[in-house]
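Trainee:
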Amino acid sequence: METIDTHVKCPSCGRVVPKGTYCIYCGSPLDRATPVEIVKEARGEVEEKSFNEIVINRLEKLEKLLEGVKVCPKCGTLVKGSKCSVCGTELE
Numbered sequence: 520m521e522t523i524d525t526h527v528k529c530p531s532c533g534r535v536v537p538k539g540t541y542c543i544y545c546g547s548p549l550d551r552a553t554p555v556e557i558v559k560e561a562r563g564e565v566e567e568k569s570f571n572e573i574v575i576n577r578l579e580k581l582e583k584l585l586e587g588v589k590v591c592p593k594c595g596t597l598v599k600g601s602k603c604s605v606c607g608t609e610l611e
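Quick note: the sequence shown uses my numbering, first residue 520, plus one each step.
Structural data, given as structure tokens:
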């Protein structure tokens, strides 16, 4: 196991953020932030298999969400309907 000590808990919003001067979420000063110890475990074969299953599961969900989605040829926006909501281009 490897300990990573580059994160703190923001005293204002309570989120765990990288050490720095200000919180990346709420902008509060981090001078009174509480250090957070993050432990990184070595991946084993079993954990790697679980990781791969998680990735495949997420990709399958993403494919379902993107069914019927087109890319606007003018501005590149993802569009589900027949007209781009950003630039107004009619899609076929």
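Here a beta-carbon is modelled for each residue, glycine too, at the ideal position from N, C-alpha and C.
These figures come from a predicted structure and were not determined experimentally.
1) Let me know the secondary structure DSSP gives Lys583 once reduced to three states.
2) Could you check if Cys529 is buried or exposed, using at least 16 other CB atoms within 10 Å of its CB as the buried criterion?
3) Taking all protein chains shown into account, do 16 or more other C-beta atoms lie within 10 angstroms of the C-beta of Cys603, making it buried, or fewer, making it exposed?
4) How is Val574 classed by DSSP in three states: helix, strand or coil?
5) Taking 9 Å as the CB-CB limit, is Cys591 close to chain D?
6) Note down, in chain order, each residue of its chain lying with its Cβ closer than 8 Å to the Cβ of Gly587, except the 5 sequence neighbours on either side.
7) Alpha carbon to alpha carbon, how far is Val527 from Val536?
Mentor: Concretely, from the data shown:
1) In this structure, Lys583 counts as helix in the three-state DSSP scheme.
2) With 16 or more other Cβ atoms within 10 Å, it is buried.
3) When all chains shown are included, Cys603 counts as buried.
4) In the structure shown, Val574 sits in a helix (DSSP, three-state: H, G or I).
5) This model lacks chain D altogether, as it is built from one protein chain only.
6) Excluding five sequence positions before and after Gly587, the CB atoms of its chain that fall closer than 8 Å to its own CB belong to Lys599, given in chain order.
7) Just so you know, the alpha carbons of Val527 and Val536 end up roughly 6 Å apart.
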